[in-house]
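Residue numbers for the sequence shown follow this note's numbering, so the first one is 1 and each next one is one higher. Even glycine gets a Cβ: it sits at the ideal position worked out from N, Cα and C.
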Amino acid sequence: MQIRRALSDDLSAVVALTEQAYAPYTALFGAPPIPVTEDYAPRIDAGEVWLLESDGELAGLAVFELHEDHLLVFSIAVYPAFQGKGLGVTLLRWLEDRTRAATLPEIRLYTNARMERNIALYLAYGFHETGRRPNPVRPGWVVVDMAKDVAPAEDAGQAQAIDVA
Numbered sequence: 001m002q003i004r005r006a007l008s009d010d011l012s013a014v015v016a017l018t019e020q021a022y023a024p025y026t027a028l029f030g031a032p033p034i035p036v037t038e039d040y041a042p043r044i045d046a047g048e049v050w051l052l053e054s055d056g057e058l059a060g061l062a063v064f065e066l067h068e069d070h071l072l073v074f075s076i077a078v079y080p081a082f083q084g085k086g087l088g089v090t091l092l093r094w095l096e097d098r099t100r101a102a103t104l105p106e107i108r109l110y111t112n113a114r115m116e117r118n119i120a121l122y123l124a125y126g127f128h129e130t131g132r133r134p135n136p137v138r139p140g141w142v143v144v145d146m147a148k149d150v151a152p153a154e155d156a157g158q159a160q161a162i163d164v165a
């Protein structure tokens with residue numbers, strides 16, 4: 001497996017993967033989750049979208065923002081055919097490595113309170129809940145904020161694309 005930076009030519013694949021990965025939640029919520037409605041072109045241009053490929057096939061993605069004191073995960077998505085194979089955790093580990101490489105002390109994310117499976121995964125991976133708040137974009141939806149402290153690495157230098165096999 002390899003994780004590489006998304007290019008502008010990848011935009012349609014990013015949109016398709018995101019729509020398919022979040023489809024069960026779209027049905028549950030009666031509306032698409034925020035990542036499904038996102039305009040990914042500016043995020044791709046900013047280097048915030050990274051693709052996980054398995055044998056040359058797109059399997060998942062991670063979207064994140066670097067802030068002054070933390071890395072913020074906007075989205076982790078895995079194609080349904082690849083779900084249940086640990087790729088979400090692979091992406092979380094990679095994001096943690098990116099956080100270290102940027103010498104940031106914390107990785108943060110937020111998710112919908114109804115995404116209980118995702119919350120359980122994040123808790124199992126070492127995140128803790130830091131609060132709940134109304135979703136500012138979707139009335140009636142509740143956002144769960146989570147964070148994880150990231151220990152500094154002995155060597156913070158990381159390659160732009162890594163082989164995770």
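- Straight-line measurement puts the Cα of Y110 at about 23 Å from the Cα of L11.
- Three or more Cβ pairs closer than 8 Å define a contact, and the region 51-65 falls short of that threshold against the region 126-136.
- By the C-beta density criterion, R100 is buried, having at least 16 other C-beta atoms within 10 angstroms.
- Cβ contact annotation for D9 (same chain, cutoff 7 Å, sequence separation greater than five): none.
- Cβ-Cβ separation between V73 and G88: approximately 11 Å, too far for a contact (criterion under 8 Å).
- Excluding five sequence positions before and after W141, the CB atoms of its chain that fall closer than 7 Å to its own CB belong to N112, N135, given in chain order.
- Per DSSP, the unbroken alpha helix (DSSP H) holding F29 starts and ends at 11-29.
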